[in-house]
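Q: Positions 224 to 573 (the working numbering) are the ones given, in order, by the sequence shown. By construction, the Cβ of each residue, glycine as well, lies at the ideal position given by its N, Cα and C atoms. A single structure is presented below for examination.
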Amino acid sequence: MSPEARAAAAFVGMLVLTPLLGGCGGATEPTYTGPIGGESGKELAEIQVLRRGNGAEPQTLDPHRGEGVPSANLHRDLFEGLTIEAPDGRVIPGVAESWEVSEDGTVYMFRLRRNAKWSNGEPVTAHDFEFGFRRSVDPMTLSNYSSILEPIVNATEVIRGEKPPEELGVEAVDDYTFVIRLNGPTPYLPGLLNHSTTYPVNRKNIEEFGSKFIRGGNLVSNGAYQLVEWIPQSYIQLVRNEHYWDNDNTTIDTVYYYPTENQDSELKRFRAGELDITEDIPQKQIAWVRENFPDSVRIDPYLGSYYFGFNVTKPPFKDRPRLRKALAMALDRNIIAEQVAGAGELPSYG
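Rendered as structure tokens:
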């Protein structure tokens with residue numbers, strides 16, 4: 224690893240040939256009018272199929288164990304949490320149609336939609352979220368992001384194996400009321416509940432198929448789409464979940480995710496018409512793409528950080544904070560953002 228570290232607020236570049244017209248709709252707190260989608264009155268193609276590059280092969284479709292953008296892209300299509308994110312970044316209701324917060328900010332009570340359904344037609348209930356949260360912090364699940372739930376009462380102890388998952392500070396009061404109890408005020412909690420670690424999973428589905436519940440024909444999901452098949456290193460096919468509560472505002476009928484780890488190959492597939500949207504653009508070709516595909520390239524702000532991490536528990540970085548600080552100071556983030564990355568990234572300090 225290079226003795227450098229960098230962090231930048233990133234901009235994601237992609238190529239788009241077809242309009243991405245909505246996979247979800249919803250409401251802000253307490254209400255939001257209008258679907259999330261394309262231009263109203265715009266005539267759509269008769270066949271609504273999206274073929275998208277998705278970077279590396281996803282690790283898993285298990286929302287509580289997945290890690291990385293390729294998995295996250297699929298999790299967001301297949302599942303839905305208590306909240307979702309609007310196109311402008313606002314947190315809006317997902318399965319939860321509303322919520323209340325205690326005066327001290329430590330108790331959140333969520334009211335679930337009574338029309339939220341699993342892809343098998345069964346209702347999504349507060350018990351599904353209770354089971355999902357407990358499963359995420361259970362050490363046996365091997366969740367990569369269970370730590371984000373540590374603001375919840377007893378989460379840290381459960382993750383460490385010191386307490387059983389049943390003692391996690393979440394409760395299904397009834398079928399459509401879900402309560403989260405926190406160690407202290409956590410104002411960012413509604414935004415956190417859009418992360419796949421907090422998604423519900425169908426308990427009967429997991430108990431029936433075990434680790435194979437994520438396979439095509441097995442997986443029961445509650446998002447805008449459901450899994451048809453997953454052919455490793457070839458494609459993953461999703462189709463609309465007709466039972467999804469906001470299905471009327473879903474436009475794309477079928478989505479094919481293609482693993483495209485090589486960005487140059489992905490760009491070639493896009494130019495050949497094999498892909499409608501790419502996962503990314505090779506940095507060395509961003510200027511060329513902007514010049515030759517001005518109507519197809521789209522670079523959107525993406526809230527995230529890119530950095531090099533160092534193991535500070537081992538030499539030469541162990542117990543040498545001045546060395547680590549010197550490396551950070553020696554790096555010109557502006558040059559990396561403007562001349563190396565070149566897609567509008569912002570240098571990050573702090």
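From this set, 350, 459, 268 and 511, which residue's C-alpha is nearest residue 437's C-alpha?
A: One-based indexing of the sequence shown puts residue 437 at position 214. If we check each option's Cα against that of residue 437, 459 comes out closest.
Q: Residue 452 to residue 439, Cα distance in whole Å?
A: The residue given as residue 452 occupies position 229 in the sequence shown. The residue given as residue 439 occupies position 216 in the sequence shown. In a straight line, the C-alpha of residue 452 is about 4 Å away from that of residue 439.
Q: Relative to the C-alpha of residue 560, which candidate in 528, 500 and 301 has its C-alpha closest?
A: One-based indexing of the sequence shown puts residue 560 at position 337. The candidate whose alpha carbon is nearest that of residue 560 is 528.
Q: Can you find the residues in the same chain that come closer than 6 Å, C-beta to C-beta, to residue 498, ignoring five residues on each side of it along the sequence?
A: Locating residue 498 in the sequence shown gives position 275, counting from the first residue. Correct list, in chain order: 274, 276 and 492.
Q: Is it buried or exposed for residue 361, if we count other Cβ within 10 angstroms and need 16 for buried?
A: Sequence index remark: in the sequence shown, residue 361 carries index 138 (1-based). Flag for residue 361 reads buried.
Q: Hey, could you find the ends of the alpha helix (DSSP H) residue 552 is sitting in?
A: Counting from one through the sequence shown, the residue named residue 552 turns up at place 329. 544 to 553 is the extent of the alpha helix (DSSP H) around residue 552.
Q: How close, in whole Å, do the beta carbons of residue 404 and residue 392 come, if the pair is a contact with beta carbons under 8 Å?
A: Reading the sequence shown from its first residue, position 181 is the one you call residue 404. Reading the sequence shown from its first residue, position 169 is the one you call residue 392. Contact check for residue 404 and residue 392: beta-carbon distance about 4 Å, within the 8 Å limit, so the pair qualifies.
Q: Under 6 Å Cβ to Cβ from residue 513, same chain only, skipping five residues before and after it: list those, please.
A: Translated into positions along the sequence shown, residue 513 becomes position 290. The residues are 520.
Q: Starting from the Cα of residue 487, find the closest Cα among 500, 471, 508 and 496 and give me that residue.
A: Start at 1 with the first residue of the sequence shown, and residue 487 comes out as number 264. Out of 500, 471, 508 and 496, 508 has the C-alpha closest to the C-alpha of residue 487.
Q: Throw me the rounded Cβ distance for the residue 329 and residue 407 pair, which I believe falls under 8 Å.
A: For this step, residue 329 is matched to residue 106 along the sequence shown. For this step, residue 407 is matched to residue 184 along the sequence shown. Going by Cβ atoms, the distance from residue 329 to residue 407 rounds to 6 Å, so yes, they are a contact pair.
Q: I believe residue 447 touches residue 506 by the beta-carbon criterion, under 8 Å. Please report the beta-carbon distance rounded to the nearest angstrom.
A: The residue you call residue 447 lines up with position 224 of the sequence shown. The residue you call residue 506 lines up with position 283 of the sequence shown. Wrong, their Cβ atoms sit about 32 Å apart, outside the cutoff.
Q: Along the beta strand (DSSP E) that carries residue 460, what are the first and last residues, could you check?
A: Translated into positions along the sequence shown, residue 460 becomes position 237. It spans 458 to 463 - the beta strand (DSSP E) in which residue 460 sits, taken as one unbroken run.
Q: Grab the span of the alpha helix (DSSP H) containing residue 473 for me, first residue to last.
A: Against the sequence shown, residue 473 aligns to sequence position 250. Membership of residue 473 in any alpha helix (DSSP H) is not indicated, and neither H nor E is assigned to it by DSSP.
Q: Need the endpoints of the alpha helix (DSSP H) that residue 379 sits in, please.
A: To locate residue 379, count along the sequence shown from 1; it is residue 156. Here the alpha helix (DSSP H) through residue 379 covers 378 to 382.
Q: With a threshold of 8 Å, are at least 3 pairs of Cβ atoms found where one atom belongs to the region 311 to 324 and the other to the region 537 to 545?
A: no
Q: To the nearest angstrom, how far is the alpha carbon of residue 496 from that of residue 490?
A: In the sequence shown, the residue the question calls residue 496 occupies position 273. In the sequence shown, the residue the question calls residue 490 occupies position 267. Those two C-alpha atoms are separated by around 10 Å.
Q: Counting along the chain, where does the beta strand (DSSP E) carrying residue 315 start and finish?
A: Position 92 of the sequence shown, counted from the start, is the residue given in the question as residue 315. Unbroken beta strand (DSSP E) run through residue 315: 314 to 316.
Q: Could you give the uninterrupted runs of the beta strand (DSSP E) lying entirely in the region 319 to 397, keeping only those of 3 residues or more?
A: Runs found: 319 to 324, 330 to 335 and 393 to 397.
Q: Rounding to the nearest angstrom, what Cα-Cα distance links residue 255 and residue 401 in this structure?
A: The count along the sequence shown starts at 1 and reaches residue 255 at position 32. The count along the sequence shown starts at 1 and reaches residue 401 at position 178. For residue 255, the predicted structure reports a pLDDT of 28, less than 50, and the residue's modelled location is therefore unreliable. A value from the coordinates is still provided. Using only the alpha carbons, I get a separation of about 22 Å.
Q: Thinking C-beta only, is residue 445 closer than 7 Å to residue 347?
A: What you label residue 347 is simply residue 124 of the sequence shown in a count that begins at 1. What you label residue 445 is simply residue 222 of the sequence shown in a count that begins at 1. In this structure, residue 445 lies closer than 7 Å to residue 347 by Cβ.
Q: I'd like to know whether the C-beta atoms of residue 308 and residue 417 end up nearer to each other than 7 Å.
A: To locate residue 308, count along the sequence shown from 1; it is residue 85. To locate residue 417, count along the sequence shown from 1; it is residue 194. Yes.
Q: Name the residue from 278, 351, 337 and 563 whose alpha carbon lies nearest to the alpha carbon of residue 302.
A: Indexing the sequence shown from 1 puts residue 302 at position 79. Residue 351 is the option with its Cα nearest to residue 302.
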